[in-house]
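Visitor: Structure below; questions to follow.
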Amino acid sequence: MTLKDADRSAALREAVTAAVGAQRPLAIHGGGTRRGLMAVTGDGFDVLDVGGHRGIVAFEPSELVVTARAGTLLSELEAVVAAAGQCLPFDPPRFGPASTLGGAVASGLAGPARPWQGAVRDAVLGITLLDGRGGIGRFGGQVMKNVAGYDVARLNVGAMGSLGVLLDVSLRLLPSPMTSVTRVLELGLGQAFGRMARLGRRPLPITAMAWETGTLRVRLAGSEAGVAAAVASVGGEPCPDGEDYWVGLRDRQLPNFEGDGPLWRLSVPATAPQPDLSANWLLDWGGAQRWCWTDDAPERVFQAASELGGHAMRLVPGVQRAPLPPAQLRLQQRIKAVFDPSGLFNPGVLYPGQY
Amino acid sequence: MDRETLAARLREILPAADVVDDEEALRPYAGDALTAYRQQPRVVVLPRSIEQVQRVMALCSAEGVPVVARGAGTGLSGGALPHEAGVLLVLARMKRILQLDPVGRTARLEPGVRNLAISEAAAPHGLYYAPDPSSQIACSIGGNVAENSGGVHCLKYGLTVHNLLGVKLVTVDGELLELGGSALDSPGLDLLALITGSEGLLGVVVEVTVRLLPVAASVQVLLAAFDSVAAAGAAVSAVISRGILPAGMEMMDRLAIEAAEDFIGAGYPRDAAAILLCELDGEPEEVAAQVARVTELLRAAGAGDIRVASDPAERARLWAGRKAAFPAVGRIAPDYYCMDGTIPRRHLAQVLTGIGELSEEFGLAVANVFHAGDGNLHPLILYDANQAGQLQRAEDFGARILELCVAVGGTITGEHGVGIEKIDQMCVQFTAVELERFHGLKAAFDPAGLLNPGKAVPTLARCAELGGMHVHAGELPHPELERF
C-alpha cells in the first residue's frame, strides 16, 4: 500500500464546520470514479476530499463483519477480506482503481449477484456519519441483528452523499464460494424469460443470470458438489470466459456499453414483459435490471418503466432520474433538512434544483 | 377529545361495531405481549380498508388525537401499548392476501396477514416467506415491518428489511405513500429501509409486498453437546469462519436445556453445559457435503455428543426443544423476563460470565437461549411477580445486561424493538447528537408527534434525568473493552 491509513475525521469535521459557517456548498470526493453519477450542480462549491480518511478499523472473519473508513480503496478492502475467504456480497462496480468504499456505499450500486446476495444496503450494518450540522453520529452497529433507533445507516446507502459525509462503514460479509461456473444457453428473449422464472423457483445456487441477444448466461456458485448438481439442472454449455463477462457487466465495460448513444437503466419486476420501446437490451439481475439503449424520449421511457411497476434512470448522456410523486419529494426534502439544513452536501446530486 | 365525542366522530368513518368504546370491550386491547405494561386506550378502531385508515388518520391529525397502530399484539417491547388519550388503530381485520405471484415470487399482503399464513399460502408453489419470528403463528406482517422482525434463520436469510419489496404507508395526516414496490429498488432516498423497524412512529403500514424464496430441497439438523458455553461459542465461530453459512445456529445453556427436557423431552443431553443446534439447507449434494464438514469442525472444537437428525420427525423434535424454551422456562419459575441484546459473537463467553455474575448480584436465576449465528442473545430472567420487589429487580438486572451488550459493541435490541421497555437503555446506546437526528426524522414525518408517542426514542430530557446512564463511549462500564 502506498497510502497510509489515517483517521481524518477531526479535519473533515473542521472543514464541514467551516463550510457551514461560510454557507459554502461541498462536493464530497472519494476516488472520483463515480463523478458522472454523483454530479454536483451549480457553482461556488468546494471539494471535500475524503480519500485520505482510510484504513480498515476492524475485521472479524468469524463474525463475517468488517469496519473500514470511507476512503479505503475497494481493491484493498476486497483483498483483505478475500485473504480470509470472504467477499462483499453486493460486489460493487469498480469504475477504476481509485474506487472507494464510501463511493460504493453512497452510490448504492450492486453487481450481478444482487437478487441472490442482496443490495448494498442489505450488507450495511452501521455507519458513522458527519452531517451538515457538524455532528458525528454512529448509526446501526457491527451486528447483523439490531433494531435500536431508526435505520439511518441504510437511509444513507444510495443517498449519493446528500445527507452527510460517510466516515466509516460496517459491512456484513459472505464466505467466498469454493467454486463458480457459468453456463451459456442459446435462447430467444421469450424462452429466456421462461427459463429464468423456472430456475428461480428452485433453490439452486444461482448468483447471476443475464440475457443479451440470443444468449442466456447463468452463474452457479457454492461447493463443488452443489455446483456440479446444479449444472445438470441448468443445462447449457460451459462458458470459458464466464467470470470476465460478469466483471465486464458489473463495471459496464462490455462492448455494449461503448459509444455515447443514450443509455438507460430500468429497474422493474424480473418477470415483467419487455416495455414497448425501440431499443437494444441487456437484461441483468435475472431480468430485474435492464440496460436499454434507446433514442425514445425520456418521458416515454419513464412512463414505460412506471407502467411495469418499476422506474428508469438515464445514465448517458448525463444522469436523469425518474420524477418523484410530489408528496414523496416533499418528504425527502424534509429528511434531507434533518441532516443538512443548509443544503450544503452534493447539491443537486439526486434532483437538481430540489435537493 | 372525550371518549364519547371521539367515538361518535369515528363512527362517521367506520360502521358502529368497528369502533370500540365500551370499558369492558376495551380491556383486551390494553397491552401487547409485554404484559407488565397495561393502558386502556380511549377508543379502539378496527378498519377494513386503506381508505378508512386514511380517514381515521386525517381526523386524528386534525383533532390532535394520538394514534397507536397495532397488529396482532404479540410484540415483546410494549410497542403497541395504547395511549390513554388516543386511538388504538387495530389492523388485524385487514388480513387478505391480495396477490400471490408464484412466477415473480412475490406476495402482496394486507398488514393483518399472519406471518405463517404467507408461507402456508406459498407452500403449494414450493415457496415460503423467510423471516420466522417465534410468534409467527400469530404475529402479523404489518407488525413485522414495524419491528423489523427476525427469527432463527436471519444469519442466512436476513431480517424483515431484507425480504421486503414495498410498503404502502398512511402518513399522520392521512396521505398514502408508496415506498418501494415490486422492483428491487426505487428512486431517491431509501424510505423503505427507514420505515422498516420504525415501530409505528413514522406512519401506518397498510400494505406490504414481500419476496418469497424457494423451499430448500434438503434440510439437515445437527445437535452438538459441549462442556462449556465458551467452547460452544468458539465452535460457532469455527464453522462460520470456514465458509459455511448455516440456515440456523442456536445455542442453549444448562438451565435452558434442563427446562426444555423437563417440558417436552426433546432428547437433549442433560449433562451438557451448552448445546448447539445447527441447521443446514440447500441442494441435497451441497447439504451432504456441509454436514460432513460441520461435523468435523464441531468435533475439532470439542463437541462431545454429535447427532444428525435422521428423519424429519427427529429434526422436528430437536427444534421443538428450542422453540419451547420460553414456555419451558415459564414452568420452572412463576415469571420470566426475556431480554434481546445482540453482541459480536467473540464476546459471548465474557458476556455470559458477566450475566452469571449479575445473576448472583441480583439473586435471580437466568436461562440463556442464543441465536448464536447472528449474536442475538435472549437471557430469560426468572422471577416471581408476587414477591415484593422482584419485578423491579428483574428489570434492573435486564437493564444491566443490555448495558453489558452495548459495552462490548453490541445493541440493546436485536429483534424485539425498543418500544416502551428499553427506552431508557437507548440513552446508553446513543449520544445526544444521534437522538436529536432521530427526533428530527420523527418530525419530518409527524411534526405534532401523534404517532405512537413516548415510544422507541427517548427525549433528551429523559436521558438527562437518568443522569449517570447517559455516558459516552469510553466512560461506559468495562472501559477495558475495545469499542468502535
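First to last, the protein sequences are chains A and B.
In my numbering, each residue's number is its place in the first sequence (first place is 1) plus 27.
In my numbering, each residue's number is its place in the second sequence (first place is 1) plus 1442.
Where a beta carbon is used, it is the ideal one built from N, C-alpha and C, also for glycine.
1. Can you give the Cα-Cα distance for L216(A) and T298(A), rounded to whole angstroms?
2. Helix, strand or coil: which one does DSSP assign to N1557(B)?
3. Restricting to Cα atoms, I'd like to know which of R61(A), A54(A), H80(A) and G58(A) is closest to T68(A).
4. In chain order, which continuous runs of the beta strand (DSSP E) of length 3 or greater are located wholly inside the segment 137-163 of chain A?
5. List, in chain order, every chain B residue whose beta-carbon is nearer than 7 Å to that of M171(A).
6. Please confirm if the segment 1701-1721 of chain B is in contact with the segment 1672-1688 of chain B, defined as three or more CB-CB distances below 8 Å between the two stretches.
7. Under three-state DSSP, which class holds D34(A)?
8. On the three-state DSSP scale, how would you describe K1610(B)?
9. Give the residues of chain B in contact with W312(A), contact being defined as C-beta atoms less than 9 Å apart.
10. Classify L1739(B) as helix, strand or coil using the three-state DSSP reduction.
11. Mind pulling the chain A residues with CB within less than 8 Å of I1686(B)?
12. Would you tell me roughly how many angstroms separate the C-alpha atoms of E1922(B) and L1819(B), rounded to the nearest one?
13. T242(A) and G130(A) - do their beta-carbons sit closer together than 8 Å?
14. Look up H1525(B) in the DSSP assignment and say whether it is helix, strand or coil.
15. At least one CB of chain B closer than 8 Å to the CB of V179(A): is that the case?
16. Just to check, is the beta-carbon of A1770(B) closer than 7 Å to a non-hydrogen atom of the ligand COA?
17. V1545(B) touches chain A at which residues, Cβ-Cβ below 7 Å?
18. Quick one: does E285(A) have its CB under 8 Å from some CB of chain B?
19. Does the Cβ-Cβ distance between D73(A) and F366(A) come in under 8 Å?
20. DSSP three-state label for A224(A), please.
21. Contact criterion: CB-CB distance below 8 Å. Does L1631(B) meet it with respect to chain A?
22. Distance check for A1874(B) and G1916(B), CA to CA, integer angstroms please.
23. Within a Cβ cutoff of 8 Å, which residues of the same chain sit near L104(A), ignoring the five residues on either side of it in sequence?
24. Under a CB-based cut-off of 8 Å, is T1901(B) close to chain A?
25. Beta-carbon within less than 8 Å of L39(A)'s beta-carbon, same chain only, minus the 5 sequence neighbours each way: which residues are those?
26. Please identify, using Cβ separations under 9 Å, the residues of the segment 180-192 of chain A that lie next to chain B, in order along the chain.
27. Less than 8 Å between the beta carbons of M1777(B) and D1826(B), yes or no?
28. For H1595(B), name the three-state secondary structure that DSSP assigns.
29. Below 6 Å CB to CB, which residues in the same chain sit around L371(A) once its five sequence neighbours on both sides are set aside?
30. Within the same chain, show all residues whose beta-carbon is closer than 6 Å to that of A1620(B), passing over the 5 residues directly before and after it, in chain order.
31. Are the segment 1650-1667 of chain B and the segment 1562-1575 of chain B in contact at 8 Å, needing three or more beta carbon pairs?
32. Who are the near neighbours of V1462(B) in its chain, counting only those whose CB is closer than 8 Å to its CB and skipping five residues on each side?
33. Measure the Cβ-Cβ separation of A1841(B) and G1746(B) and say whether it is below 8 Å.
34. Is the Cβ-Cβ distance between A1504(B) and G1515(B) less than 8 Å?
35. Which residues of chain A have a Cβ atom closer than 9 Å to the Cβ of L1619(B), listed in chain order?
36. Threshold first: 4 residues or longer. Then list the alpha helix (DSSP H) segments lying entirely within the segment 1830-1857 of chain B, N to C.
Guide: In short, the structure shows the following:
1. Here residue 216(A) refers to the residue found at position 189 of the first sequence. Here residue 298(A) refers to the residue found at position 271 of the first sequence. Cα to Cα, the separation comes out at about 12 Å.
2. The sequence position of residue 1557(B) within the second sequence is 115, counting from 1. Residue state, collapsed to three classes: helix.
3. Position 41 of the first sequence holds residue 68(A). If we check each option's Cα against that of T68(A), A54(A) comes out closest.
4. 151-158
5. Mapped onto the first sequence, residue 171(A) falls at position 144. C1596, L1597, D1816 and G1817, listed in chain order.
6. Enough Cβ pairs lie closer than 8 Å, so yes.
7. Here residue 34(A) is taken as the residue at index 7 of the first sequence, counted from 1. Note: D34(A) maps to coil in three-state DSSP.
8. Along the second sequence, read from residue 1 onward, the residue named residue 1610(B) stands at position 168. It is a strand residue.
9. Numbered from 1 along the first sequence, position 285 holds the residue referred to as residue 312(A). Chain B residues near W312(A): L1626.
10. Taking the first residue of the second sequence as position 1, residue 1739(B) is located at position 297. Correct three-state label for L1739(B): helix.
11. By 1-based counting over the second sequence, the position of residue 1686(B) is 244. Near I1686(B) (Cβ distances below 8 Å), the residues of chain A are P202.
12. Here residue 1922(B) corresponds to residue number 480 of the second sequence, with the count starting at 1. Here residue 1819(B) corresponds to residue number 377 of the second sequence, with the count starting at 1. Caution applies to E1922(B), whose pLDDT of 42 falls short of 50 and renders its modelled position unreliable; the value that the coordinates give is listed next. The straight-line gap from Cα to Cα measures roughly 22 Å.
13. Stepping through the first sequence from its first residue, residue 130(A) is reached at position 103. Stepping through the first sequence from its first residue, residue 242(A) is reached at position 215. In this structure, T242(A) does not lie closer than 8 Å to G130(A) by Cβ.
14. Position 83 of the second sequence holds residue 1525(B). H1525(B): coil per DSSP, three-state reduction.
15. In the first sequence, the residue the question calls residue 179(A) occupies position 152. Yes - at least one Cβ of chain B is within 8 Å of the one on V179(A).
16. Because no ligand of any kind appears in the structure shown, any question about the ligand COA cannot be addressed here.
17. Residue 1545(B) sits at position 103 when you count from the first residue of the second sequence. Per Cβ cutoff of 7 Å: A224 and T298.
18. The residue given as residue 285(A) occupies position 258 in the first sequence. Under the 8 Å criterion on CB atoms, E285(A) is classed as non-interfacial with respect to chain B.
19. Here residue 73(A) corresponds to residue number 46 of the first sequence, with the count starting at 1. Here residue 366(A) corresponds to residue number 339 of the first sequence, with the count starting at 1. No. Outside cutoff.
20. Here the question's residue 224(A) lines up with position 197 in the first sequence. Under the three-state reduction of DSSP output, A224(A) falls in the helix class.
21. As a working note, residue 1631(B) is residue 189 in the second sequence. For L1631(B), the answer is yes, since a Cβ of chain A falls inside 8 Å of its Cβ.
22. Counted from its first residue, the second sequence places residue 1916(B) at position 474. Counted from its first residue, the second sequence places residue 1874(B) at position 432. Note that G1916(B) scores a pLDDT of 34, beneath 50, so its modelled location is shaky; the value from the coordinates is reported in the next line. Near 15 Å, if we compare the C-alpha coordinates of A1874(B) and G1916(B).
23. Numbered from its first residue, the first sequence carries residue 104(A) at position 77. Excluding residues within five positions, the ones whose Cβ falls inside 8 Å are I83, V93, A95, L115 and L128.
24. Indexing the second sequence from 1 puts residue 1901(B) at position 459. Answer no: the Cβ-Cβ gap between T1901(B) and chain A never drops below 8 Å.
25. As a position in the first sequence, residue 39(A) is number 12, starting the count at 1. The answer, listed in chain order, is L75, V77, H80, L157, V192 and L194.
26. Near chain B, meaning a CB-to-CB distance below 9 Å, the residues of the segment 180-192 of chain A are A180, R181, L182, N183, V184, G185, A186, S189 and L190.
27. In the second sequence, the residue the question calls residue 1777(B) occupies position 335. In the second sequence, the residue the question calls residue 1826(B) occupies position 384. Correcting the residue identity first, residue 1777(B) is Asp in this sequence and not Met. In this structure, D1826(B) lies closer than 8 Å to D1777(B) by Cβ.
28. For the purposes of this step, residue 1595(B) is taken as the residue at position 153 of the second sequence. Coil.
29. Reading the first sequence from its first residue, position 344 is the one you call residue 371(A). Hits under 6 Å: A46, P52, L53 and G159.
30. Reading the second sequence from its first residue, position 178 is the one you call residue 1620(B). The question names Ala, yet the displayed sequence has Glu at residue 1620(B). Result list for E1620(B): K1610, in chain order.
31. In the pairwise beta carbon analysis, the segment 1650-1667 of chain B is classified as touching the segment 1562-1575 of chain B: at least three pairs are separated by under 8 Å.
32. Within the second sequence, the letter at position 20 stands for residue 1462(B). L1468, Y1471, V1485, V1486, V1487 and L1488.
33. In the second sequence, residue 1841(B) corresponds to position 399, counting from 1. In the second sequence, residue 1746(B) corresponds to position 304, counting from 1. The Cβ-Cβ distance between A1841(B) and G1746(B) does not fall below 8 Å.
34. Within the second sequence, numbered from 1, the residue matching residue 1504(B) stands at position 62. Within the second sequence, numbered from 1, the residue matching residue 1515(B) stands at position 73. Not a contact, by the Cβ cut-off of 8 Å.
35. Taking the second sequence and counting its residues from 1, one reaches residue 1619(B) at position 177. Listed along the chain, the chain A residues whose CB falls inside 9 Å of the CB of L1619(B) are P352, A354, Q355 and L358.
36. 1832-1849
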